[in-house]
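> Numbering (our numbering), first residue to last: 34 to 345.
What follows is a single structure, and I will ask about it in a moment.
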Amino acid sequence: MSDIHSTPEGAAPLGAQGPAGDLIKDATTQSFAVDVMDASQQTPVIVDFWAPWCGPCKQLTPILEKVVQQAQGAVRLVKMNIDEHPEIAQQLRVQSIPAVFAFKNGQPVDGFMGALPESQIKRFVETLLGGELAPTQAEQMLEAGAAAMDAGDIGAAAQAFAAVLQEDRENPKAIAGLARCYIASNDLDRATEVLGLAEGKLADDPDIKGAVAALEIARSGPAEPENDLSPLLAKLEADPKDHETRIEVAIALNAANDRDGATDHLIESIRLDRAWNEEAARTQLLQFFEAWGPMDEATQAGRRKLSSVLFS
Numbered sequence: 034m035s036d037i038h039s040t041p042e043g044a045a046p047l048g049a050q051g052p053a054g055d056l057i058k059d060a061t062t063q064s065f066a067v068d069v070m071d072a073s074q075q076t077p078v079i080v081d082f083w084a085p086w087c088g089p090c091k092q093l094t095p096i097l098e099k100v101v102q103q104a105q106g107a108v109r110l111v112k113m114n115i116d117e118h119p120e121i122a123q124q125l126r127v128q129s130i131p132a133v134f135a136f137k138n139g140q141p142v143d144g145f146m147g148a149l150p151e152s153q154i155k156r157f158v159e160t161l162l163g164g165e166l167a168p169t170q171a172e173q174m175l176e177a178g179a180a181a182m183d184a185g186d187i188g189a190a191a192q193a194f195a196a197v198l199q200e201d202r203e204n205p206k207a208i209a210g211l212a213r214c215y216i217a218s219n220d221l222d223r224a225t226e227v228l229g230l231a232e233g234k235l236a237d238d239p240d241i242k243g244a245v246a247a248l249e250i251a252r253s254g255p256a257e258p259e260n261d262l263s264p265l266l267a268k269l270e271a272d273p274k275d276h277e278t279r280i281e282v283a284i285a286l287n288a289a290n291d292r293d294g295a296t297d298h299l300i301e302s303i304r305l306d307r308a309w310n311e312e313a314a315r316t317q318l319l320q321f322f323e324a325w326g327p328m329d330e331a332t333q334a335g336r337r338k339l340s341s342v343l344f345s
């Protein structure tokens with residue numbers, strides 16, 4: 034068995050096929066020194082150890098290829114079928130696949146085992162390169178959709194999210210974004226239909242869970258934001274411990290996009306009687322947080338207020 038750091042006899046010199054070769058290629062035990070060891074002297078090389086019988090490999094490899102292509106030549110991908118070429122994997126002590134190693138200057142510098150989502154693979158490559166990758170066309174469309182939503186242009190947002198879904202029907206951000214467009218248009222049936230695209234593991238995606246929470250809030254709350262809360266506020270003034278009315282006020286304020294006001298009323302209900310109706314106020318507040326998203330300023334401020342009440 035030849036050592037992985039040696040160049041096999043008869044291998045092509047670096048100038049013939051090294052870093053100038055294809056971005057993605059299949060390697061053999063004999064070509065590994067040129068395809069990986071020599072090539073990584075100039076350009077980082079990611080090695081994907083896989084086998085035809087490995088289900089997770091079939092999920093991982095297309096994502097690796099996509100991210101490497103996105104890097105536009107800054108990194109290369111070499112794939113090795115360990116059934117046909119087991120020697121290199123054995124020397125690297127690969128015990129399970131998929132197994133991924135990153136090489137720089139002829140040395141393995143990083144790696145991971147198992148199938149990872151695209152976001153984590155992108156971070157893996159960005160760490161390897163020491164900088165962020167340029168956004169893909171889909172990412173640009175998602176950003177455009179989010180910006181249109183923030184600007185209140187629901188039609189433009191829906192078009193952007195739908196365009197991404199035409200190319201990738203399992204993109205969780207596009208599914209969640211389009212569903213939120215329908216929620217904002219009060220077309221809750223269409224929102225439900227779109228969220229039906231999120232099956233299996235997609236259902237656990239934070240964006241999907243947030244859109245589902247927003248849909249549940251829309252179904253349980255008023256069809257239109259309450260313009261005059263005076264009657265409800267008068268009831269609260271007469272009885273500050275009227276938790277049912279306070280939650281109703283919070284839901285109406287959220288519908289009017291007054292997230293801070295909605296949070297404050299629910300926090301007050303929790304402060305007065307946390308256990309009321311099986312902690313209904315806290316449950317409602319957590320649903321708001323999920324619907325708004327973890328990075329929303331109202332969510333972050335609300336979590337600090339909630340912690341202050343719960344642990345005071």
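Virtual Cβ for every residue (Gly too), placed ideally from N, Cα, C.
For clarity, every value in this text was computed on a predicted model and none was experimentally measured.
#1: According to DSSP, is Arg304 helix, strand or coil?
#2: For Phe82, report the span of its beta strand (DSSP E) as first-last.
#3: When you compare the CB positions of Thr76 and Val100, do they come within less than 8 angstroms of one another, or not?
#4: Would the beta-carbon of Val158 fall within 8 angstroms of that of Gly144?
#5: Which residues mark the beginning and the end of the alpha helix (DSSP H) in which Ala209 is found?
#6: If you follow the beta strand (DSSP E) that Arg109 is in, where does it begin and where does it stop?
#7: May I ask you to list the residues that DSSP assigns as paired with Val133?
#8: Can you tell me the Cα-Cα spacing of Gln333 and Leu56, whole angstroms?
#9: Who are the near neighbours of Lys206 in its chain, counting only those whose CB is closer than 6 angstroms to its CB and skipping five residues on each side?
#10: Going along the chain, which residues of its own chain have a beta-carbon closer than 7 angstroms to the beta-carbon of Phe82, five neighbours each way excluded?
#11: When the Cα atoms are used, what is the spatial distance from Met146 to Pro168?
#12: What separation, rounded to the nearest whole angstrom, lies between the Cα atoms of Ser341 and Arg304?
#13: Please go through the same chain and pick out, in chain order, the residues whose beta-carbon is closer than 7 angstroms to the beta-carbon of Gly178, but skip the five residues on each side of it.
#14: Distance check for Leu265 and Ala271, CA to CA, integer angstroms please.
#15: Taking C-alpha atoms, which residue in Val245, Glu203, Pro273, Arg336 lies nearest to Leu221?
#16: Quick check on Gln375: does DSSP put it in helix, strand or coil?
#17: Between the Cα of Asp238 and those of Leu262, Ser253, Ile208, Val67, spot the shortest distance and give me the residue it belongs to.
#18: For Asp220, does the three-state DSSP call read helix, strand or coil?
#19: The alpha helix (DSSP H) that contains Asp240, what's its start and end?
#20: On the three-state DSSP scale, how would you describe Lys274?
#21: Return the chain-ordered list of same chain residues with a C-beta closer than 7 angstroms to the C-beta of Gly347, the five sequence neighbours on each side being excluded.
#22: Can you list, in chain order, the residues of its chain with a C-beta nearer than 8 angstroms to that of Ser262? Leave out the 5 residues immediately preceding and following it.
#23: Quick one: what does DSSP say Asp68 is sitting in, helix, strand or coil?
#24: Which of the three DSSP states, helix, strand or coil, is assigned to Asp59?
#25: Mind checking which residues open and close the alpha helix (DSSP H) that includes Ala190?
#26: Quick one: is Val197 buried, meaning 16 or more other Cβ sit within 10 Å of its Cβ, or exposed?
#27: Alpha carbons only, please: which of Leu343, Leu269, Gln92, Arg156 is nearest the one belonging to Ile24?
Reading it off the structure:
#1: Here residue 304 corresponds to residue number 271 of the sequence shown, with the count starting at 1. For Arg304, the secondary structure class from DSSP, reduced to helix, strand or coil, is helix.
#2: The residue you call residue 82 lines up with position 49 of the sequence shown. From DSSP, the beta strand (DSSP E) with Phe82 extends over 78–83.
#3: In the sequence shown, residue 76 corresponds to position 43, counting from 1. In the sequence shown, residue 100 corresponds to position 67, counting from 1. No; because the gap between Cβ atoms is not below 8 angstroms, this pair is not in contact.
#4: On the sequence shown, position 125 is the one that residue 158 refers to. On the sequence shown, position 111 is the one that residue 144 refers to. No, the Cβ-Cβ distance between Val158 and Gly144 is not below 8 angstroms.
#5: Here residue 209 is taken as the residue at index 176 of the sequence shown, counted from 1. Start and end: 205–217.
#6: Numbered from 1 along the sequence shown, position 76 holds the residue referred to as residue 109. First-last of the beta strand (DSSP E) with Arg109: 109–114.
#7: What you label residue 133 is simply residue 100 of the sequence shown in a count that begins at 1. Bridge partners of Val133: Asp81, Phe145.
#8: As a first step, residue 333 is located in the sequence shown; it is residue number 300 there, counting from the start. As a first step, residue 56 is located in the sequence shown; it is residue number 23 there, counting from the start. Going from the Cα of Gln333 to the Cα of Leu56 covers about 42 angstroms.
#9: Sequence index remark: in the sequence shown, residue 206 carries index 173 (1-based). Excluding positions up to five away in sequence, the list reads Leu175, Asp240.
#10: Counting from 1 along the sequence shown, the entry for residue 82 is found at position 49. Contacts found: Met113, Ile115, Ala122, Val127, Ile130, Pro131, Ala132.
#11: Locating residue 146 in the sequence shown gives position 113, where the first residue counts as 1. Locating residue 168 in the sequence shown gives position 135, where the first residue counts as 1. Those two C-alpha atoms are separated by around 25 angstroms.
#12: Position 308 of the sequence shown holds residue 341. Position 271 of the sequence shown holds residue 304. C-alpha of Ser341 to C-alpha of Arg304: approximately 10 angstroms in a straight line.
#13: By 1-based counting over the sequence shown, the position of residue 178 is 145. Apart from the 5 residues on each side of it in sequence, Gly178 sits with its Cβ closer than 7 angstroms to the Cβ of Ala190, Ala193, Phe194, Gly210 in its chain, given in chain order.
#14: Indexing the sequence shown from 1 puts residue 271 at position 238. Indexing the sequence shown from 1 puts residue 265 at position 232. About 10 angstroms.
#15: As a working mapping, residue 221 is identified with position 188 in the sequence shown. Out of Val245, Glu203, Pro273, Arg336, Val245 has the C-alpha closest to the C-alpha of Leu221.
#16: Any question about residue 375 goes unanswered here, given that the chain covers just 34 to 345.
#17: Position 205 of the sequence shown, counting from 1, holds the residue named residue 238. Closest by alpha carbon: Ile208.
#18: Here the question's residue 220 lines up with position 187 in the sequence shown. It is coil, neither helix nor strand.
#19: Here residue 240 refers to the residue found at position 207 when the sequence shown is read from its first residue. Element bounds for Asp240: 239–253.
#20: Within the sequence shown, residue 274 is the residue found at index 241, counting from 1. Secondary structure at Lys274: coil, using DSSP grouped into helix, strand and coil.
#21: Since the first and last residues shown for the chain are 34 and 345, residue 347 lies out of range.
#22: The residue given as residue 262 occupies position 229 in the sequence shown. Reading off the sequence shown, one finds Leu at residue 262, where the question assumed Ser. Once the five neighbours on either side are set aside, the close Cβ partners of Leu262 are Val282, Ala285, Leu286.
#23: If you number the sequence shown from 1, residue 68 lands on position 35. It is helical.
#24: Numbered from 1 along the sequence shown, position 26 holds the residue referred to as residue 59. Asp59: strand per DSSP, three-state reduction.
#25: Within the sequence shown, numbered from 1, the residue matching residue 190 stands at position 157. That run of the alpha helix (DSSP H) goes 187–200.
#26: For this step, residue 197 is matched to residue 164 along the sequence shown. Result: buried.
#27: No answer is possible for residue 24: the residues shown for the chain start at 34 and end at 345.
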